[in-house]
Structures are given as C-alpha cells and as structure tokens.
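**Student:** Protein chains in written order, with the numbering used here: chain A, 131 to 602; chain B, 2 to 262. Positions of the beta carbon are idealized from the N, C-alpha and C atoms, including for glycine. Being a predicted model, the structure only gives us computed values, none of them experimental. I'd like to ask you about the structure that follows.
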Amino acid sequence: MPFGTEAAMERDKNQLISVPVKEQPQLPYLAAINPTGQKTLMEKLGILSDAAKYDVSCSSSGVGRKGDGTGIGNTVAGGICHSFGADGRCISLLKILFTNECIYDCKYCINRRSNDVPRASFTPDEICELTIQFYRRNYIEGLFLSSGILHNPDYTMELIYEAVYKLRTLYRFQGYIHVKAIPGANPLLVQRLGMLADRMSVNLELPTAEGLSRLAPNKHRKNILTPMRQIQRGITQNKEEIAVYRHASSFVPAGQSTQMIVGATPESDYQIMMVAENLYRKFELKRVYYSAFVSVNADKELPALPGGPPLLREHRLYQADWLLRFYGFEADELLSEQKPNFNVLLDPKADWALRHLELFPVEINRADYRMILRVPGIGVKSAQRIVRARKNGALAFEDLKKIGVTLKRALYFITCSGKMMYPTKIEEDYITRNLISNKEKLPFGADGMTYKQLSLFDDDMPGWQKIAGGTL
Amino acid sequence: MEEYYLICEDSLEGIFTGIYNAYLMKKPHDRLHICVGAEDNYRLFAVYQECAPDEKKAASVARTVLREFGEEAYLSVCRALASPEADKGEAVYKAVVTGFSMRRRRELMGNLADPYVRRVFELARFTANEAHFHVEFLRFRELQSGILYAPIGPKNNIITFITPHFADRMPLENFVIHDDTRNILAVHPKGRDWFLTSLQEGGELPEYRLSQGEEEYSELFCHFFHTIAIKERNSYVRQRGMLPLRYRKYMTEFNKQGLET
Numbered sequence: 131m132p133f134g135t136e137a138a139m140e141r142d143k144n145q146l147i148s149v150p151v152k153e154q155p156q157l158p159y160l161a162a163i164n165p166t167g168q169k170t171l172m173e174k175l176g177i178l179s180d181a182a183k184y185d186v187s188c189s190s191s192g193v194g195r196k197g198d199g200t201g202i203g204n205t206v207a208g209g210i211c212h213s214f215g216a217d218g219r220c221i222s223l224l225k226i227l228f229t230n231e232c233i234y235d236c237k238y239c240i241n242r243r244s245n246d247v248p249r250a251s252f253t254p255d256e257i258c259e260l261t262i263q264f265y266r267r268n269y270i271e272g273l274f275l276s277s278g279i280l281h282n283p284d285y286t287m288e289l290i291y292e293a294v295y296k297l298r299t300l301y302r303f304q305g306y307i308h309v310k311a312i313p314g315a316n317p318l319l320v321q322r323l324g325m326l327a328d329r330m331s332v333n334l335e336l337p338t339a340e341g342l343s344r345l346a347p348n349k350h351r352k353n354i355l356t357p358m359r360q361i362q363r364g365i366t367q368n369k370e371e372i373a374v375y376r377h378a379s380s381f382v383p384a385g386q387s388t389q390m391i392v393g394a395t396p397e398s399d400y401q402i403m404m405v406a407e408n409l410y411r412k413f414e415l416k417r418v419y420y421s422a423f424v425s426v427n428a429d430k431e432l433p434a435l436p437g438g439p440p441l442l443r444e445h446r447l448y449q450a451d452w453l454l455r456f457y458g459f460e461a462d463e464l465l466s467e468q469k470p471n472f473n474v475l476l477d478p479k480a481d482w483a484l485r486h487l488e489l490f491p492v493e494i495n496r497a498d499y500r501m502i503l504r505v506p507g508i509g510v511k512s513a514q515r516i517v518r519a520r521k522n523g524a525l526a527f528e529d530l531k532k533i534g535v536t537l538k539r540a541l542y543f544i545t546c547s548g549k550m551m552y553p554t555k556i557e558e559d560y561i562t563r564n565l566i567s568n569k570e571k572l573p574f575g576a577d578g579m580t581y582k583q584l585s586l587f588d589d590d591m592p593g594w595q596k597i598a599g600g601t602l
Numbered sequence: 002m003e004e005y006y007l008i009c010e011d012s013l014e015g016i017f018t019g020i021y022n023a024y025l026m027k028k029p030h031d032r033l034h035i036c037v038g039a040e041d042n043y044r045l046f047a048v049y050q051e052c053a054p055d056e057k058k059a060a061s062v063a064r065t066v067l068r069e070f071g072e073e074a075y076l077s078v079c080r081a082l083a084s085p086e087a088d089k090g091e092a093v094y095k096a097v098v099t100g101f102s103m104r105r106r107r108e109l110m111g112n113l114a115d116p117y118v119r120r121v122f123e124l125a126r127f128t129a130n131e132a133h134f135h136v137e138f139l140r141f142r143e144l145q146s147g148i149l150y151a152p153i154g155p156k157n158n159i160i161t162f163i164t165p166h167f168a169d170r171m172p173l174e175n176f177v178i179h180d181d182t183r184n185i186l187a188v189h190p191k192g193r194d195w196f197l198t199s200l201q202e203g204g205e206l207p208e209y210r211l212s213q214g215e216e217e218y219s220e221l222f223c224h225f226f227h228t229i230a231i232k233e234r235n236s237y238v239r240q241r242g243m244l245p246l247r248y249r250k251y252m253t254e255f256n257k258q259g260l261e262t
C-alpha cells in the first residue's frame with residue numbers, strides 16, 4: 131500500500147517535493163517580471179483571485195468531518211456559503227490561483243500566455259496564512275486552489291501540493307480543500323494530492339474534443355480524461371480500503387467535479403446534456419458545472435456576445451442538471467436530435483410535462499414518489515413531505531400549499547382525492563399559455579439581465595466587440 | 002364552559018412545565034391553552050393560572066417527547082420554542098396532544114396536515130434556517146487580547162444552536178458570540194467547554210480594541226470579496242435574495258470598519 135501511511139507520505143515528500151524545489155531556485159520568475167521587488171500580499175490576492183473567478187465551483191459540500199481537537203476546522207456535509215458577491219454567486223472558499231503565469235494560450239482564458247496582464251504568484255506560506263486567518267474569522271469554509279501552468283504540469287502540481295501539505299500538516303487545517311488536478315501531471319502527484327484534498331476537479335473546458343482543439347490548442351481531451359478516470363478509480367479503491375480498515379485515510383472524500391464553458395463553441399444543449407450525463411454515469415462525478423461564456427479576450431475564434439454572457443441558457447442547463455441528478459430524468463427525455471435546445475420560455479420540467487400530458491393529472495394521494503417528483507411546481511422536499519404526510523390521511527389542495535407546493539404551476543397536473551383544483555382543460559396550448567403568463571422567477575434580471583432584443587443602435591456594446599465579430 | 006389559560010415563562014423549562022401542568026389538570030385539551038409571558042388581553046369566562054417553571058416537571062416532559070416521538074420531533078420542539086412568536090407554546094402543546102393520538106408516534110413531524118404540527122414545523126424551520134444563516138454569515142473580529150468576538154442580532158434565540166458548531170471548528174481559540182438583542186453571550190475558552198452567560202440589565206461589554214492583524218485581514222478579505230465577483234454577471238437582486246440585508250449589519254465585508262465601537 132504505497133499511499134496513505136505516514137511513513138510513505140514522508141518518503142514521497144522527500145522524493146518528489148524537495149527535488150524540483152532545489153533544482154529550481156525559489157520563484158525566480160518573480161524577480162524577472164517585477165524587478166522593483168515583490169508585490170504586496172494585497173496586490174497578489176487581487177490579481178490571483180481576479181484570475182480565479184471564472185472557475186465556477188465553489189461548493190464546500192460532500193463530506194462531513196468533525197474536528198479532532200488538535201487544530202482548526204471541520205466540514206459540514208451540506209456545505210456552507212459564507213457570503214454572496216455582487217454577482218450573487220456564493221463565496222464559500224478562498225478561491226485563488228497559485229500563479230497566473232501560464233505556458234498555455236487558451237483563447238477564452240484571461241491568463242493566456244499572449245495576454246498582457248499583471249502576473250503574480252503566491253508562496254505556500256502566504257496561502258496557508260491567508261486561509262487560516264480568513265477561516266478563523268468565519269469568512270470562508272476552506273481553500274480552492276487552482277493554478278496557471280508554470281514551467282510544466284508537474285512543477286505546478288508540486289507547488290500546489292506543497293501549499294496543501296503545509297496547510298494540512300503544519301497548520302493542522304481540517305477544513306475543506308478543493309484542488310485542481312492539472313492535466314498531464316504525473317499520476318503519482320494526483321494520487322498524493324488526493325489524500326490531502328476533499329474535492330478534486332479537472333476542467334473539461336469545452337463540451338467536445340473538437341471545440342477544445344480549436345480554442346485550447348495546448349490541451350487535449352485525453353489528458354483531461356486521464357486524471358479524471360484516475361481520481362474515479364482512486365475513490366472507488368479507497369472506499370474498499372475504508373470498509374476494511376476503518377482508519378485508512380480517505381482519498382478525495384467529497385468526490386470530483388468538472389466544468390465546461392457554454393456558448394463559446396456551437397454545441398447544442400442536447401450535446402452538452404449528453405456529455406454531462408455520461409460524466410455522471412461513467413465517471414461518477416459529484417457535480418458538472420456550466421459556465422456561461424464571458425468574453426474577456428478579443429479573438430476571431432470566439433463569438434461576440436453583445437447581450438452579455440448567455441445566462442439564461444446556463445440557467446436552463448442547471449435546471450436540467452438538477453432533473454438528472456435528483457428527479458430521475460434522463461437527458462434523452464428532455465431533449466433529442468430533433469429538439470436540440472431548451473425552450474427559452476419554459477423550464478425543462480414544465481416543457482417535458484407539456485409534451486407528456488397523457489401521464490397527467492397525477493393523484494397526489496396515491497401516486498408513486500417518482501411520479502410526484504415529475505410534476506411541475508413540486509420539488510424534492512415537497513414530494514418527500516407529501517409522501518410522508520399522506521400516511522396520516524388524505525391531503526387537500528390547502529395542505530399542499532402549506533407543504534410548499536407551487537400550486538399555480540402544479541394545479542394543471544394534479545388531483546387531490548380525484549378532484550382538480552379548478553375545472554381546467556388538459557390541453558397543451560391552454561396550459562402553456564397559463565404557465566407562461568405567470569412569470570417565471572429567474573435568478574438574474576431586474577438589474578440588467580433581460581432578454582433584450584439586439585438593435586443596431588445598441589450603444590452600450592464595446593467597440594472592439596463589434597469589430598471582433600464571432601463565428602456564431 | 003370555561004376555558005383555562007396557563008401562563009408560562011418564556012423559556013424551554015417554562016413551557017415544558019406548562020405542558021406538564023396542563024396534563025395534570027385532566028380537562029379536555031381543547032379547553033386548555035398555553036400562553037407565553039403575560040397576557041395583555043384577558044377574556045371573559047376564562048380562568049388564568051400562573052405556572053412557575055419547575056425543573057423536574059420540565060425534564061419529565063422533555064424525556065417523554067424524546068422517548069415517544071423521537072429525536073426529530075424533540076429537536077423541532079426545541080427549535081420552535083426558540084422562536085419569538087407568542088403562539089409557540091400553544092402549538093407545541095397541541096402538537097404533543099396530536100402525537101399521542103397517532104398510531105405511529107415517531108411520524109409526528111410528518112403529519113403536516115395537522116395545523117399545530119404544521120405550526121411547530123414552520124417555527125422550527127425558521128429557527129433552523131436562521132441558525133444556518135448565522136453559521137454562514139457570522140463574522141469574528143480579533144481583539145487586541147487575541148479573543149475572537151462576534152456580535153449577532155437574530156430574531157430567534159439561536160445562540161445555543163450555533164455555538165457547538167464553532168466550538169468543534171475552533172477548539173484552540175478563545176471566542177465569544179454575543180446576541181445583541183437578548184444580551185446573551187456564548188463563551189468558549191481555549192481547549193475547554195463553552196458556556197452561556199448573560200449581561201446584567203443595562204450592562205455593557207468592557208471596551209475593546211481590534212488587533213493589528215484584524216485591520217489587515219479584514220481589508221484583505223474586503224478586497225477579495227470585490228475582485229471575486231464577475232462584473233458581467235452583476236445582479237444586485239440575486240445577491241440580496243441570497244444574503245438578506247438584515248444580516249449585513251454585522252458583516253465585515255459590508256461594513257468595513259467592522260463594528261462601530
């Protein structure tokens with residue numbers, strides 16, 4: 131058993147960590163780009179959090195662990211958000227890059243080699259101090275550490291490992307740690323980092339290999355899938371070990387996630403959902419994140435998005451993603467070759483229900499849990515409460531309302547003790563009209579994000595975007 | 002027919018004692034009511050009865066609830082009683098009565114068609130949600146003495162629900178959580194168990210100063226908080242939906258000075 135034991139860790143550390151650090155003098159690149167001296171911690175944090183913000187994942191869920199009383203930190207299975215930024219996204223982890231120097235030149239990325247942006251790098255100690263000091267003030271739930279590729283994948287991965295190793299051992303930090311596995315890095319490094327981290331992720335970047343080779347010429351699909359597969363196998367193997375040896379250390383206990391950019395390449399929603407479904411099934415991922423493409427570079431390969439990032443599309447993908455993970459839907463049910471994109475006006479569940487009116491109405495006091503889950507306006511919690519509450523007697527519409535069912539959406543699809551709430555027609559056009567007329571609550575909008583019509587005189591569109599007309 | 006009102010002290014002990022006494026009276030339950038604190042609108046044809054909290058009676062009710070209805074119901078009852086609402090005592094009492102009439106008593110909290118159970122459920126949910134918000138949004142400030150200090154102003158009395166979380170998380174820190182509205186303090190000395198204490202009526206905390214490191218790290222965090230947002234996605238509405246304004250008063254990133262001292 132080469133990994134996990136303390137002696138083995140110590141040995142590995144001596145072999146792998148010290149060698150490259152000795153060979154390459156401490157952070158020589160900093161002097162080269164910043165001859166006047168080091169950047170302050172404030173500047174570094176600004177640059178490296180700004181560079182990390184396009185990574186979507188910020189969850190701190192998936193593992194519950196009590197503190198052992200000798201250090202600082204614990205984790206909560208449901209995850210804890212600590213703040214919400216001006217964009218309404220949750221801030222749970224200290225999300226930073228180790229360095230934003232990068233040898234790659236991915237067209238969509240702000241940190242690409244050919245961009246002229248300020249560069250900075252943390253030292254492992256700085257990362258540890260920041261994490262601990264933020265954590266004890268309850269600002270954050272842990273660390274999210276990613277990085278640009280400095281010199282080569284192995285070197286970068288070792289820097290990450292060094293920081294995380296210090297944080298876990300020297301600072302005795304037991305909170306949440308999410309790290310990136312760098313594609314192309316030595317599998318041994320991935321394995322050892324996995325023993326320290328709670329969650330690991332490898333970004334798929336773009337939904338198809340074709341898109342990847344067009345926009346990220348230095349990255350290869352195979353290199354991305356290899357560490358993903360390795361982490362998956364590591365997790366399975368580790369579960370078996372823990373079953374036998376209860377105190378074996380755990381490998382990536384909160385599972386792995388990935389993200390893909392939506393709207394930079396011409397894939398349809400159907401293609402994206404099929405990729406996501408495969409990732410859940412074949413790679414057993416905990417989460418797939420979708421990131422509406424934000425145009426940060428002017429490049430002829432990239433689409434111009436005068437309406438801003440495709441947030442509505444991203445929102446529909448997340449809705450569908452939830453349907454896959456918690457509602458027992460399959461991607462094939464929601465979309466098909468003939469209908470490759472989600473309906474703009476209706477959420478995927480209502481859209482599905484309208485195409486399957488033969489299954490409705492559903493009798494709330496009798497129907498199977500899985501069928502109740504499929505009713506628009508009923509979520510997982512309401513469905514569970516219904517199934518539990520109806521054991522003590524038949525439920526009426528009034529009870530459903532109190533339980534948390536959104537009746538104005540559900541009423542077309544359900545009966546209580548054989549009666550519908552109002553006499554309604556079960557007819558596609560009629561229900562569609564009614565569902566659309568009570569406005570869907572979107573998580574964005576009101577200050578800026580609307581489905582605005584494009585106009586020729588759209589003057590809040592930056593000039594360069596007009597010139598860099600995209601291919602979409 | 003006369004209605005009976007038991008006036009209980011506003012505490013777990015007080016209300017549990019009230020429930021015990023209500024059962025002692027052996028009157029039909031629909032004529033018995035529990036009210037919390039002084040009643041300001043007395044009714045005709047009603048008998049009012051003061052009910053002094055009694056530790057033994059309260060413990061007995063707590064044991065019974067836990068034994069008969071299980072941990073879920075017990076926790077819900079405790080949470081519901083942390084609420085500031087006046088009808089909490091009545092809701093809990095009648096939910097217990099409902100529970101005894103059920104075949105599967107452990108399913109008490111699932112019986113949401115019953116109005117009292119539903120009320121307990123609602124109250125408990127509000128407390129649990131608010132407790133969770135405080136676990137998220139509470140902010141510690143480091144004082145010159147090295148003590149971490151966090152003021153909060155919750156609607157429900159949640160301090161006992163959140164302190165164990167922080168005690169487990171930071172066993173080696175001295176920290177104090179201060180409920181501003183009730184003037185209760187949860188104190189956690191380094192390496193030892195935490196305890197509750199309260200400030201005397203009109204009492205104030207000794208004057209304190211923030212540490213050097215506090216200024217530095219709060220500033221770093223504010224900077225991080227601003228750079229991490231993607232401005233192309235800005236949505237004030239979404240932010241406010243996730244982080245209600247009333248919590249921001251105590252949060253470092255919305256109130257850069259930390260606290261007005």
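#1: Please report the Cβ distance between Ala-60/B and Gly-523/A, rounded to the nearest whole angstrom; I am assuming they are in contact, meaning their Cβ atoms lie under 8 Å.
#2: Which residues in chain A have a C-beta closer than 7 Å to the C-beta of Leu-139/B? List them in chain order.
#3: Going by beta-carbon coordinates alone, are Val-429/A and Tyr-238/A separated by less than 9 Å?
#4: Please decide whether Glu-519/A counts as near chain B, where near means a Cβ-Cβ distance under 9 Å.
#5: Given a limit of 9 Å on CB to CB distance, which residues of the region 309-325 of chain A reach chain B?
#6: Which class does Leu-149/B belong to by DSSP, given the choice of helix, strand or coil?
#7: Does the count of Cβ pairs from the region 174-194 of chain A and the region 217-234 of chain B closer than 8 Å reach three?
#8: State buried or exposed for His-377/A, treating a residue as buried only when at least 16 other CB atoms are found within 10 Å of its CB.
#9: Ignore the nearest five residues each way along the sequence and tell me which others in Thr-161/B's own chain have a CB closer than 6 Å to its CB.
#10: Identify, in the order they occur along the chain, each residue of the same chain with its Cβ nearer than 7 Å to the Cβ of Glu-558/A, setting aside the five sequence neighbours on each side.
#11: The beta strand (DSSP E) with Val-374/A in it runs from where to where?
#12: Report the three-state DSSP secondary structure of Asn-164/A (helix, strand or coil).
#13: Please work out which residues of its chain come closer than 7 Å, Cβ to Cβ, to Asp-533/A, disregarding the five sequence neighbours upstream and downstream, and give them in chain order.
#14: Residues in the same chain with beta-carbon distance under 6 Å from Pro-54/B, minus the five sequence neighbours each way, listed in chain order, please.
#15: Helix, strand or coil: which one does DSSP assign to Ser-276/A?
#16: Answer with buried or exposed for Asp-310/A, where buried requires no fewer than 16 other C-beta atoms within 10 angstroms of its C-beta.
#17: Using 8 Å as the threshold, is the region 189-204 of chain B in touch with the region 184-191 of chain A, meaning 3 or more CB pairs across them?
#18: Within 9 Å (strictly less), CB to CB, does Gln-367/A reach chain B?
#19: Asn-368/A: buried (16+ other C-beta within 10 angstroms of its C-beta) or exposed?
#20: Against chain A, does Leu-244/B count as a neighbour if the rule is that its beta carbon must be under 9 Å from one of theirs?
#21: Roughly how many angstroms separate the alpha carbons of Ile-365/A and Met-404/A, rounded to a whole number?
#22: Report the residue from Lys-225/A, Pro-433/A, Leu-336/A and Gly-194/A whose alpha carbon sits nearest the alpha carbon of Ile-73/A.
#23: Beta-carbon of Tyr-237/B versus every beta-carbon of chain A: anything under 9 Å?
#24: Short check: CB of Phe-381/A to CB of Gln-240/B, under 9 Å?
#25: Counting only the same chain and skipping the five closest in sequence on each side, list residues whose C-beta sits under 7 Å from that of Val-286/B.
#26: Can you name the residues that DSSP bridges to Lys-310/A?
#27: Would you mind telling me which residues of chain A sit closer than 8 Å to Asp-169/B, beta carbon to beta carbon, in chain order?
#28: Compare the C-beta of Pro-470/A against all C-beta atoms of chain B and say whether one is closer than 9 Å.
#29: What does the Cβ neighbour count give for Val-48/B, buried or exposed, with the cut at 16 atoms within 10 Å?
#30: Anything in chain C within Cβ reach of Phe-214/A, meaning under 7 Å, just list it in chain order.
#31: Does Tyr-419/A come out as helix, strand or coil in the three-state DSSP assignment?
#32: Residues in the same chain with beta-carbon distance under 6 Å from Tyr-150/B, minus the five sequence neighbours each way, listed in chain order, please.
#33: Beta carbon of Tyr-6/B, beta carbon of Lys-58/B: below 9 Å?
#34: Please list the partners that Arg-363/A has in chain B, where partner means a Cβ-to-Cβ separation under 7 Å.
#35: Against chain A, with Cβ distances strictly below 9 Å, would Leu-260/B count as a contact?
#36: Can you pull the chain B residues whose beta carbon is under 8 Å from the beta carbon of Asn-522/A, in chain order?
**Tutor:** Here's the rundown:
#1: Indexing the second sequence from 1 puts residue 60/B at position 59. Indexing the first sequence from 1 puts residue 523/A at position 393. Incorrect: roughly 33 Å between the Cβ atoms, too far for contact.
#2: Within the second sequence, the letter at position 138 stands for residue 139/B. At a beta-carbon threshold of 7 Å, the residues of chain A lying near Leu-139/B are Asn-268, ordered along the chain.
#3: Indexing the first sequence from 1 puts residue 429/A at position 299. Indexing the first sequence from 1 puts residue 238/A at position 108. The question names Val, but residue 429/A is Asp in the sequence shown. Contact: yes.
#4: Start at 1 with the first residue of the first sequence, and residue 519/A comes out as number 389. The sequence shown places Ala at residue 519/A, not Glu. Closer than 9 Å: yes.
#5: Result list empty, no residue passes.
#6: As a position in the second sequence, residue 149/B is number 148, starting the count at 1. DSSP places Leu-149/B in the strand class (E or B) of the three-state scheme.
#7: Yes, they touch.
#8: Residue 377/A sits at position 247 when you count from the first residue of the first sequence. Exposed, by the Cβ-count rule.
#9: Looking up residue 161/B in the second sequence gives position 160. Cβ within range, chain order: n/a, list empty.
#10: Here residue 558/A corresponds to residue number 428 of the first sequence, with the count starting at 1. Contacts found: Leu-484 and Leu-487.
#11: The sequence position of residue 374/A within the first sequence is 244, counting from 1. Val-374/A -> not in any beta strand (DSSP E); alpha helix (DSSP H) instead, spanning 351-374.
#12: For the purposes of this step, residue 164/A is identified with residue 34 of the first sequence, where counting begins at 1. Bear in mind that the predicted position of Asn-164/A carries a pLDDT of just 48, short of 50, making it unreliable; the figure below should be weighed with that in mind. Here Asn-164/A sits in coil by DSSP.
#13: Here the question's residue 533/A lines up with position 403 in the first sequence. A small fix is needed here, since residue 533/A is Ile in this sequence, not Asp. Closer than 7 Å at the Cβ level, and outside the excluded window around Ile-533/A, lie Ser-512, Arg-515, Ile-516 and Ala-519.
#14: Position 53 of the second sequence, counted from the first residue, corresponds to residue 54/B. These residues qualify, in order along the chain: Glu-10, Glu-14, Gly-15 and Thr-18.
#15: Here the question's residue 276/A lines up with position 146 in the first sequence. Strand, per DSSP.
#16: Within the first sequence, residue 310/A is the residue found at index 180, counting from 1. It is worth fixing the name first, because residue 310/A is Lys in this sequence and not Asp. So Lys-310/A ends up on the buried side.
#17: Counting C-beta pairs closer than 8 Å gives fewer than three between the region 189-204 of chain B and the region 184-191 of chain A, which falls short of the contact rule.
#18: Counting from 1 along the first sequence, the entry for residue 367/A is found at position 237. Not an interface residue.
#19: Indexing the first sequence from 1 puts residue 368/A at position 238. Per the 10 Å Cβ criterion, buried.
#20: Your numbering for residue 244/B matches position 243 in the second sequence. At a cut-off of 9 Å, the C-beta of Leu-244/B has a neighbouring C-beta in chain A.
#21: Taking the first sequence and counting its residues from 1, the one referred to as residue 365/A is at position 235. Taking the first sequence and counting its residues from 1, the one referred to as residue 404/A is at position 274. Between Ile-365/A and Met-404/A, the alpha-carbon positions lie close to 24 Å from each other.
#22: Nothing about residue 73/A can be read from this structure; chain A reaches only from 131 to 602.
#23: Residue 237/B sits at position 236 when you count from the first residue of the second sequence. Using beta-carbon distances, Tyr-237/B counts as an interface residue toward chain A, with a partner under 9 Å.
#24: Sequence index remark: in the first sequence, residue 381/A carries index 251 (1-based). Sequence index remark: in the second sequence, residue 240/B carries index 239 (1-based). No. Outside cutoff.
#25: No statement about residue 286/B is possible, as the shown extent of chain B runs from 2 to 262 and does not include it.
#26: Translated into the one-based positions of the first sequence, residue 310/A becomes position 180. Answer is Ser-331/A.
#27: Within the second sequence, residue 169/B is the residue found at index 168, counting from 1. Within 8 Å Cβ-Cβ: Lys-196, Gly-197 and Asn-204.
#28: If you number the first sequence from 1, residue 470/A lands on position 340. Pro-470/A does not count as touching chain B.
#29: Indexing the second sequence from 1 puts residue 48/B at position 47. Exposed, by the Cβ-count rule.
#30: Of the chains in the structure shown, none is chain C; the protein chains are A and B.
#31: Residue mapping note: residue 419/A aligns to position 289 of the first sequence, counting from 1. Tyr-419/A carries a strand assignment under DSSP once its states are collapsed to helix, strand and coil.
#32: In the second sequence, the residue the question calls residue 150/B occupies position 149. Only Arg-142, Leu-144 and Val-177 meet the Cβ criterion.
#33: For this step, residue 6/B is matched to residue 5 along the second sequence. For this step, residue 58/B is matched to residue 57 along the second sequence. No, Cβ-Cβ distance for Tyr-6/B and Lys-58/B is not below 9 Å.
#34: One-based indexing of the first sequence puts residue 363/A at position 233. Near Arg-363/A there are no residues of chain B at all, since even the closest Cβ is about 32 Å away, more than 7 Å.
#35: Within the second sequence, the letter at position 259 stands for residue 260/B. Note that Leu-260/B scores a pLDDT of 41, beneath 50, so its modelled location is shaky; the value from the coordinates is reported in the next line. No - not a single Cβ of chain A is within 9 Å of the one on Leu-260/B.
#36: By 1-based counting over the first sequence, the position of residue 522/A is 392. Near Asn-522/A (Cβ distances below 8 Å), the residues of chain B are Met-103, Glu-108, Gly-111, Asn-112, Ala-114 and Asp-115.
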